[in-house]
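Some notes on the structure that comes next.
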Amino acid sequence: MSVVAIPRRSRAELGIADTFAMAGRNIHRLLRAPDQVVFTLVSPILFTLLFRYVFGGAIRGLGSINYVNYLIPGIAVQTAIFTSSNSGFALADDRGNGFLDRLRSLPMARSAVLIGRVLTDTVSNATGLVIIVIVGLAVGFRPHSLPGLVLGFLVLLAFVLATSFLFALVGLYASSSQAVNAATFPVIFPLTFASSAFVPTSTMPSWLRAFANHQPVTTVINTVRDLTLGNVSVAQRHQLFAGQSTTALVVQSLLWTAGIGLVFGYLALRRYNSTNL
Amino acid sequence: MVDEAIAGGIQPRSLGDAPLARPVTGTASPPRPAAVVVDSLVKTFKGEVRALDGVSFEIPTGTVLGLLGPNGAGKTTAVHVLTTLLRPDSGSAHVAGIDVLANPEEARKHMGLAGQFAAVDEGLTGMENLVLVGRLNHLPRAERRARALELLEQFDLADAAGRLLKTYSGGMRRRLDLAAALVARPPVLFLDEPTTGLDPRSRIDLWAVIAGLVADGTTLLLTTQYLEEADRLANTICVIDHGRVIAEGTAAELKSRLGGTTVEVVLPDVDTAARALAALVGVGDGEPVVDGLTVRLATTTGLATTSELVRRLEGAGLDVSSLQLRQPSLDDVFLSLTGQDPHADEDEDETRPAGRRGVKTGRGSR
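Chains as they are written, first to last, in this note's numbering: chain A, 1 to 277; chain B, 1001 to 1366.
Below, the structure written as structure tokens:
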């Protein structure tokens, strides 16, 4: 009885192959339960309709900007962040039912489980975002240009790839997927609502505005919004984006993305590798 | 009740008791290195529970070690250390000659793990589960499917290959879990309570499968709470309690520790049982013990003790409901070593002092 002969491949090659194997497994499951993606989009679509048609008329401080063009980037960012928390749920489930123990006893790259997870969730996130954009277009959202829309889309995807690592870390500590929900909701909720997602921060009380203007979710929303609105006048830029240029917004978004991704990616990997998982 | 075991001696298994596992002595002549060597493992969890308190054992290549102990004894912790899932505070562990602490990645190539939690993916089919594990074991693409099919056949799951795991019964899931551990044909296999929670039929099926693996030369570490399982599958049994090895040997050796035969008399009522106990003082080896309506005597001379017992009871004018002579079971061994009924599904009593291990008897059912 001998170990099956294994063709020689480099560590990096094996790591990539393992990552694809894990991502393939995740996608396989996702395709079996596409309702998962659909259901996560129900509430953002309801929010879109609610804000577009019910509250939208009462929202001030936008000058000449059409509210629906203001709203959709906010909805998109909020939705994508919520969706990225799936990395936490899925890992908590895999850990809870012992599947992670099996994987950890295999001669595979340990980073593959985490990276495969985050990549899959980002792919499903991209799918959801396409649907949100289509719903947006149906209710009157008109991005200024396709390149702007695509660029905004990519900035957002990079950001939620990073937040996936954050949620993955939570998932690797939580006792169950319900616990992940309990732990993350109180964080996601204020970060996405106390932001520029639905109303301009200039309408908020000063203490809240100070928080809203300086937290990463607002930065990313403003970046996506700036890229999709296009042709933002100096006055509007001042009112909506604290006068920051497109470049400044993009750079800040990418810095937040890199920071969150590196810190939480490292912590999640360390946690996965820890022998007391 | 022919063979009177001599205390401490080695008792050959009778034919009727033949283990499913291949006996150690029947293997190739040159001594082979141990496939698993565990030396002085200590692991303390937060809250001062000493899950492992200096555990050492070896498993010769091609043999089966049964790690036997009550809940919370440290069995799973030991398996987790050996399978690189957990790092001990001190001690060393080698699998297939590889230091699992120094070189965990290499060690993982030589082992398979299956356990009570049936760590398979519910959302995939049986086939997909095995192909995934093959892929993660870096089997060549062409080989993954073939190996998966082979295992599905072997484990009688071929018909269910395309079904989602969600639809599998408990026994099927366990078999698939075991199959997953075997995908890369690891020379050393760790089975952590493989049959816990299974119905008797599934358990017997799984035993047959495991026995087949052992016959093919796999070295196996099996943890179990079921003495029958250890008795049937293991060449050597290592009894572990409160993180320590408290006895090691073949099933026969362990049984012979109890001094061979037990004479059991069941009395019609508690009062009679008490009188019988008094009448039997001095019969057999050591003191007679009462447990409900049953009085037990340990002895190495079964027939002489029995006739003396009958004389005493007749002399006292006591009637009996039943009288039997029996060899100690592993249950008796377990009870005497750990002071616990092995089948009591009780809470883990981790804080109990480790010293309390004398032969305890007369414990009511719980």
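Heads up, the beta-carbon is just placed ideally off N, CA and C, and yes, glycines get one too. Just so we're clear, the structure is a prediction, and the values are computed from it rather than from any experiment.
Task: Contacting residues, own chain, Cβ-Cβ under 7 Å from A/ARG270 (five flanking each side not counted) - done: Residue 270 of chain A sits at position 270 when you count from the first residue of the first sequence. Result list for A/ARG270: empty, nothing under 7 Å.
- [ ] Using DSSP bridges, identify the partner residues of B/PRO1060.
- [x] Position 60 of the second sequence, counting from 1, holds the residue named residue 1060 of chain B. Secondary-structure assignment with DSSP links B/PRO1060 through a beta bridge to B/ALA1034.
Task: Nearest-angstrom Cα separation, counted from B/VAL1333 out to B/GLU1308 - done: The count along the second sequence starts at 1 and reaches residue 1308 of chain B at position 308. The count along the second sequence starts at 1 and reaches residue 1333 of chain B at position 333. Going from the Cα of B/GLU1308 to the Cα of B/VAL1333 covers about 25 Å.
TODO: Return the CA-CA distance between A/ASN26 and B/VAL1064, expressed in angstroms with no decimal places.
DONE: Start at 1 with the first residue of the first sequence, and residue 26 of chain A comes out as number 26. Start at 1 with the first residue of the second sequence, and residue 1064 of chain B comes out as number 64. Near 36 Å, if we compare the C-alpha coordinates of B/VAL1064 and A/ASN26.
Open item on the list: My assumption, with CB atoms under 8 Å, is that B/LEU1222 sits in contact with B/PRO1194. Please give the rounded CB distance.
Closed with: Within the second sequence, numbered from 1, the residue matching residue 1222 of chain B stands at position 222. Within the second sequence, numbered from 1, the residue matching residue 1194 of chain B stands at position 194. Beta-carbon to beta-carbon, B/LEU1222 and B/PRO1194 are separated by about 7 Å, close enough to satisfy the 8 Å threshold.
Task: C-alpha distance - B/VAL1209 paired with A/ALA33, whole-angstrom precision - done: Position 209 of the second sequence, counted from the start, is the residue given in the question as residue 1209 of chain B. Position 33 of the first sequence, counted from the start, is the residue given in the question as residue 33 of chain A. Rounded to whole angstroms, B/VAL1209 to A/ALA33 spans 34 Å at the Cα level.
TODO: For B/ASP1053, write down the residues that DSSP places opposite it in a beta bridge.
DONE: Locating residue 1053 of chain B in the second sequence gives position 53, counting from the first residue. Secondary-structure assignment with DSSP links B/ASP1053 through a beta bridge to B/VAL1042.
Open item on the list: Rounding to the nearest angstrom, what Cα-Cα distance links B/ASN1129 and B/ARG1108 in this structure?
Closed with: Working through the second sequence from its first residue, we reach residue 1129 of chain B at position 129. Working through the second sequence from its first residue, we reach residue 1108 of chain B at position 108. B/ASN1129 and B/ARG1108 have their C-alpha atoms some 19 Å from each other.
TODO: Please look up how many angstroms separate the CB atoms of B/LEU1370 and B/LEU1318, rounded, as I've assumed it's under 8 Å.
DONE: For residue 1370 of chain B there is no data in the structure shown, the boundaries of chain B being 1001 and 1366.
- [ ] Could you say which of B/GLY1097, B/THR1236 and B/THR1196 lies nearest to B/ASN1071 if we only look at CA atoms?
- [x] Walking along the second sequence from the start, residue 1071 of chain B turns up at place 71. Of the candidates B/GLY1097, B/THR1236 and B/THR1196, the one whose C-alpha sits nearest the C-alpha of B/ASN1071 is B/THR1196.
Task: DSSP-derived helix/strand/coil call for B/SER1307 - done: Sequence index remark: in the second sequence, residue 1307 of chain B carries index 307 (1-based). In the structure shown, the three-state DSSP call for B/SER1307 is helix.
TODO: May I have the straight-line CA-CA distance separating A/SER10 from A/ALA109, to the nearest angstrom?
DONE: For the purposes of this step, residue 10 of chain A is taken as residue 10 along the first sequence, with counting starting at 1. For the purposes of this step, residue 109 of chain A is taken as residue 109 along the first sequence, with counting starting at 1. Each residue's alpha carbon lies about 12 Å from the other.
TODO: Using three-state DSSP, classify A/SER145 as helix, strand or coil.
DONE: Working through the first sequence from its first residue, we reach residue 145 of chain A at position 145. Coil.
Task: A/ASN86 versus A/LEU119, A/ARG60 and A/ARG104, residue with shortest Cα-Cα distance - done: Translated into the one-based positions of the first sequence, residue 86 of chain A becomes position 86. The shortest C-alpha separation from A/ASN86 is found at A/LEU119.
Task: Neighbour list for B/LEU1132 in chain A, Cβ cutoff strictly below 7 Å - done: Taking the second sequence and counting its residues from 1, the one referred to as residue 1132 of chain B is at position 132. Within 7 Å of the CB of B/LEU1132, the CB atoms of chain A belong to ALA21 and ARG25, in sequence order along the chain.
Task: Beta carbon proximity, B/LEU1198 to chain A, threshold 9 Å - done: Within the second sequence, numbered from 1, the residue matching residue 1198 of chain B stands at position 198. False, the Cβ-Cβ gap to chain A never drops below 9 Å.
Task: DSSP-derived helix/strand/coil call for B/GLU1193 - done: Within the second sequence, residue 1193 of chain B is the residue found at index 193, counting from 1. If DSSP states are grouped into helix, strand and coil, B/GLU1193 belongs with coil.
- [ ] Measure the alpha-carbon distance for B/ASP1345 versus B/ASP1331 and round it to whole angstroms.
- [x] What you label residue 1345 of chain B is simply residue 345 of the second sequence in a count that begins at 1. What you label residue 1331 of chain B is simply residue 331 of the second sequence in a count that begins at 1. Only weak support exists for where B/ASP1345 lies, its pLDDT of 44 falling under 50; the coordinates are left without a value.
TODO: Could you tell me the boundaries of the alpha helix (DSSP H) in which A/ILE45 lies?
DONE: Taking the first sequence and counting its residues from 1, the one referred to as residue 45 of chain A is at position 45. For A/ILE45, the enclosing alpha helix (DSSP H) covers residues 35-49.
Open item on the list: Tell me which residues share the same chain as A/GLN78 and place their Cβ nearer than 6 Å to its Cβ, disregarding the 5 neighbours each side in the sequence.
Closed with: Numbered from 1 along the first sequence, position 78 holds the residue referred to as residue 78 of chain A. These residues qualify, in order along the chain: THR192 and ALA197.
Open item on the list: Please tell me whether B/GLY1097 and B/PRO1033 are closer than 9 Å, where the distance is taken between their beta carbons.
Closed with: Start at 1 with the first residue of the second sequence, and residue 1097 of chain B comes out as number 97. Start at 1 with the first residue of the second sequence, and residue 1033 of chain B comes out as number 33. At a Cβ-Cβ threshold of 9 Å, B/GLY1097 and B/PRO1033 count as neighbours.
Open item on the list: Would you say B/GLY1115 lies against chain A (beta-carbon separation less than 9 Å)?
Closed with: For the purposes of this step, residue 1115 of chain B is identified with residue 115 of the second sequence, where counting begins at 1. At least one chain A Cβ lies under 9 Å of B/GLY1115.
Open item on the list: Between the alpha carbons of B/LEU1149 and A/TYR266, how many angstroms are there, rounded?
Closed with: In the second sequence, counting from the first residue as 1, residue 1149 of chain B sits at position 149. In the first sequence, counting from the first residue as 1, residue 266 of chain A sits at position 266. Taking the straight line joining both Cα atoms gives about 38 Å.
Open item on the list: Below 8 Å, how does it come out for the segment 240-251 of chain A and the segment 213-226 of chain A: are there three or more Cβ pairs, yes or no?
Closed with: Judged by Cβ distances under 8 Å, the segment 240-251 of chain A makes contact with the segment 213-226 of chain A, as three or more pairs qualify.
- [ ] For B/ASP1349, I'd like the list of residues in its chain whose CB is within less than 8 Å of its CB, leaving aside the five on either flank, ordered along the chain.
- [x] If you number the second sequence from 1, residue 1349 of chain B lands on position 349. In this predicted model, B/ASP1349 has a pLDDT of only 35, less than 50, meaning its place in the structure is not dependable; the value taken from the coordinates is given anyway. Cβ within range, chain order: GLY1072.
Task: Contact set between the segment 1264-1281 of chain B and chain A, restricted to residues whose Cβ is under 8 Å from the partner - done: Here the close residues number zero.
- [ ] Determine the direct distance from the alpha carbon of A/VAL170 to that of B/HIS1080, and round the result to whole angstroms.
- [x] The sequence position of residue 1080 of chain B within the second sequence is 80, counting from 1. The sequence position of residue 170 of chain A within the first sequence is 170, counting from 1. In a straight line, the C-alpha of B/HIS1080 is about 23 Å away from that of A/VAL170.
- [ ] Count the other C-beta atoms from every protein chain shown that fall within 10 angstroms of the C-beta of A/ILE221, then say buried if there are 16 or more, exposed otherwise.
- [x] By 1-based counting over the first sequence, the position of residue 221 of chain A is 221. Counting the other Cβ atoms within 10 Å of the Cβ of A/ILE221 gives 16 or more, which makes it buried.
- [ ] Specify the secondary structure class of B/MET1111 as computed by DSSP and reduced to three states.
- [x] Counting from one through the second sequence, the residue named residue 1111 of chain B turns up at place 111. DSSP places B/MET1111 in the strand class (E or B) of the three-state scheme.
- [ ] Take the Cβ of B/VAL1281 as the centre, count every other Cβ of all protein chains shown within 10 Å, and call the residue buried at 16 or more, exposed below.
- [x] As a first step, residue 1281 of chain B is located in the second sequence; it is residue number 281 there, counting from the start. Using a 10 angstroms sphere on the CB of B/VAL1281, the tally of other CB atoms stays under 16, which defines it as exposed.
Task: CB contact below 9 Å: A/LEU14 versus chain B - done: Within the first sequence, residue 14 of chain A is the residue found at index 14, counting from 1. Judged by the 9 Å Cβ criterion, A/LEU14 is in contact with chain B.
- [ ] Verify the CB distance criterion: does A/SER105 have a CB-CB separation below 9 Å to chain B?
- [x] Along the first sequence, one-based indexing puts residue 105 of chain A at 105. It does; some Cβ of chain B falls within 9 Å.
Open item on the list: Judging by CA-CA distance, which residue of A/ARG142, A/MET204, A/SER175 and A/GLY230 is the nearest neighbour of A/GLY148?
Closed with: In the first sequence, the residue the question calls residue 148 of chain A occupies position 148. Nearest option by C-alpha distance: A/GLY230.
TODO: Please check if any C-beta of chain A sits within less than 9 Å of the C-beta of B/GLU1193.
DONE: Here residue 1193 of chain B refers to the residue found at position 193 when the second sequence is read from its first residue. Not an interface residue.
Open item on the list: Can you tell me whether B/ARG1199 is helix, strand or coil according to DSSP?
Closed with: As a first step, residue 1199 of chain B is located in the second sequence; it is residue number 199 there, counting from the start. Before going further, note that residue 1199 of chain B is Asp rather than Arg in the sequence given. Residue state for B/ASP1199 is assigned as coil, using DSSP reduced to three classes.
Open item on the list: So the candidates are B/VAL1100, B/ASP1053 and B/LYS1075; which of them puts its Cα closest to the Cα of B/VAL1037?
Closed with: Here residue 1037 of chain B corresponds to residue number 37 of the second sequence, with the count starting at 1. Comparing Cα positions, the closest option is B/VAL1100.
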